[in-house]
Amino acid sequence: MAYKSILVVGGGISGLTAAVEASEAGSEVYLVEEKSYLGGRVAQMNQYFPKLCPPNCGLEINFRRIKQNPRIKFFTLSEIESIEGEEGDFTVTVTAKPRYVNQNCTACGKCTEVCPAERSNEFNYGMDKTKAIYRAHAFAFPMKYVLDREACLGAECGKCVSVCEYGAIELDMEPKSFKLNVGSIVWATGWEPYDATKISYYGYGRHQNVLTNVMLERMAAHNGPTGGKIVRPSDGKEVKTIAFVQCAGSRDENHLAYCSGICCMASLKQATYVLKQAPDAKVSMFYIDVRAMGKYEDFYNNVKDKINLIKGKVGEISEDAETKDLIVQVENQETGEIMRERVDMVVLATGMVPSTAGSKVPAGIVYDEDGFIASETGKPGIYGAGSVKKPLDVASSAKDATAAALKALQSTVRR
């Protein structure tokens with residue numbers, strides 16, 4: 001059976017899964033990703049729960065499937081400008097931003113060695129810096145460097161151009177637009193962490209030792225900003241007491257009304273990171289309800305006796321100006337006690353916001369009240385996949401993406 005081409009938007013675990021499943025079923029697939037690499041949020045993780053294995057394993061398998069499959073064409077640093085047409089015959093306009101590094105790049109790294117300019121490293125959530133020309137992370141795919149033109153000193157510097165013996169750097173590279181004709185579209189652009197600065201009473205952005213859960217994930221990773229050591233940003237000291245604050249902005253009418261479902265498991269997992277590095281550390285987790293359902297209950301039961309679980313919504317986090325210690329104030333719902341817990345570090349378990357809350361699909365589809373793509377998009381031939389539809393863990397995202405790939409395949413043969 002011959003299928004018409006399918007467009008997959010988003011190169012995270014959902015997009016990768018949809019792309020490889022659809023292509024291996026016989027369809028030509030175009031995969032479009034806005035970042036300079038594929039892998040999405042999963043590439044930024046330290047470990048998956050519940051097995052606590054590194055994400056490189058699952059990603060590497062998918063990257064190999066892409067490399068070996070001539071039916072998949074992927075475009076990084078690219079965005080969808082417009083979608084016209086109908087199921088079976090969509091015309092999609094794509095804009096590709098310049099990488100300023102061409103196909104000759106061997107990822108030797110000599111350009112970075114001579115580059116004098118620096119930029120904030122968004123892969124590590126701003127906790128360290130890279131040079132203006134950089135590789136996104138150690139396992140980046142494609143394994144090519146990219147240049148941040150805003151941080152670059154330009155032609156008047158030109159050190160990276162001079163040192164590159166392969167002629168891979170093009171400072172005058174321009175954006176390009178092109179069109180794709182496809183039969184169906186899978187929209188798998190994922191999620192963003194909720195902006196913790198909006199929760200002013202928790203002090204994120206003001207208190208140095210208040211981090212978010214995604215930041216701790218990078219800190220714990222061996223290729224992260226601290227080489228895998230969980231330390232206080234204020235002084236670099238090892239963390240001996242830590243508080244995980246659940247539902248930071250979630251289940252809250254003033255922020256996110258919904259529960260993201262996986263934050264409790266993420267915090268329990270991160271508690272194991274701390275205890276592995278400092279077995280005597282005091283780990284506290286303040287929660288409204290612990291949600292570790294189904295197969296994840298075993299993980300919860302394994303961790304719960306190793307940490308202090310306190311049922312209560314944290315009201316405020318203040319800082320000792322001299323020591324930079326943090327004071328977590330909360331009412332213990334089981335005892336009625338008003339607690340003031342002094343800790344080295346606080347980790348805010350912020351929720352998952354769909355990417356479509358800020359950047360809509362240019363096709364007039366239907367969303368739910370929280371900005372997630374509705375299961376029935378209202379636009380035949382366009383399907384949401386993964387956490388852009390609802391908060392999901394990695395395994396569930398892959399399953400949902402496989403289902404979306406099947407729907408997309410069916411769309412290409414219906415007409």
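Reading the sequence shown from the start, the letters are residues 1 to 415 in the UniProt record's numbering. Every residue, glycine too, gets a C-beta built ideally from N, C-alpha and C. Owing to the predicted nature of the structure, the values given are computational and were not obtained by experimental measurement.
- By the 16-neighbour rule on beta-carbons within 10 angstroms, G154 is exposed.
- A140 and D172 have their alpha carbons spaced roughly 24 Å apart.
- Within the DSSP secondary-structure output, I317 pairs in a beta bridge with V328.
- With a cutoff of 8 Å on beta-carbon distance, P175 and K73 are scored as not near each other.
- Along the region 187 to 269, the alpha helix (DSSP H) occurs as fully enclosed runs of 4 or more residues at 213 to 220, listed in sequence order.
- When secondary structure is reduced to three states using DSSP, R64 falls in the helix class.
- Looking at the backbone, the Cα of A18 and that of Y287 are separated by about 35 Å.
- Runs of the beta strand (DSSP E) lying entirely within the UniProt domain "4Fe-4S ferredoxin-type" (96 to 126) and spanning at least 3 residues, in chain order: 118 to 120.
- G294 counts as exposed, since fewer than 16 other C-beta atoms from the protein chains shown sit within 10 angstroms of its C-beta.
- DSSP places N69 in the coil class of the three-state scheme, outside both helix and strand.
- Secondary structure of L348 (DSSP, three-state): strand.
- Between the region 226 to 235 and the region 246 to 264, the count of Cβ pairs shorter than 8 Å is below three; the stretches do not touch.
- Excluding sequence positions up to five before and after F178, its CB lies within less than 7 Å of the CB of V94, all in the same chain and listed in chain order.
- Here the alpha carbons of P362 and L31 stand approximately 17 Å from one another.
- Listed as beta-bridge partners of L180 by DSSP are V92.
- Taking C-alpha positions only, T241 is separated from E322 by approximately 17 Å.
- Look at S78 here: in three-state DSSP terms it is strand.
- Collapsing the DSSP output to three states places Y287 in a strand.
- By the CB criterion at 8 Å, D368 and V343 fall outside the cutoff.
- Remark: C-beta atoms of T112 and I83 do not approach each other more closely than 8 Å.
- Put simply, of I365, V161 and D128 the residue whose alpha carbon is nearest the alpha carbon of E118 is D128.
- Counting only residues of its own chain and dropping the five nearest sequence neighbours on each side, T91 has a CB closer than 7 Å to the CB of E84, G85, K179 and N181.
- Counted as a single uninterrupted DSSP element, the beta strand (DSSP E) harbouring L7 occupies residues I6 to V9.
- Non-local beta-carbon contacts of K379 in its own chain, meaning distances under 6 Å to residues more than five positions away in sequence, involve A363 and I365 in chain order.
- I13 carries a helical assignment under DSSP once its states are collapsed to helix, strand and coil.
- In the structure shown, Y145 falls within a coil segment according to DSSP collapsed to helix, strand and coil.
- Looking at the backbone, the Cα of C157 and that of R251 are separated by about 50 Å.
- Rounded to whole angstroms, the gap between the alpha carbons of D400 and A196 is 28 Å.
- Non-local beta-carbon contacts of R65 in its own chain, meaning distances under 7 Å to residues more than five positions away in sequence, involve V20 in chain order.
- When the Cα atoms are used, K390 and A357 turn out to be separated by approximately 12 Å.
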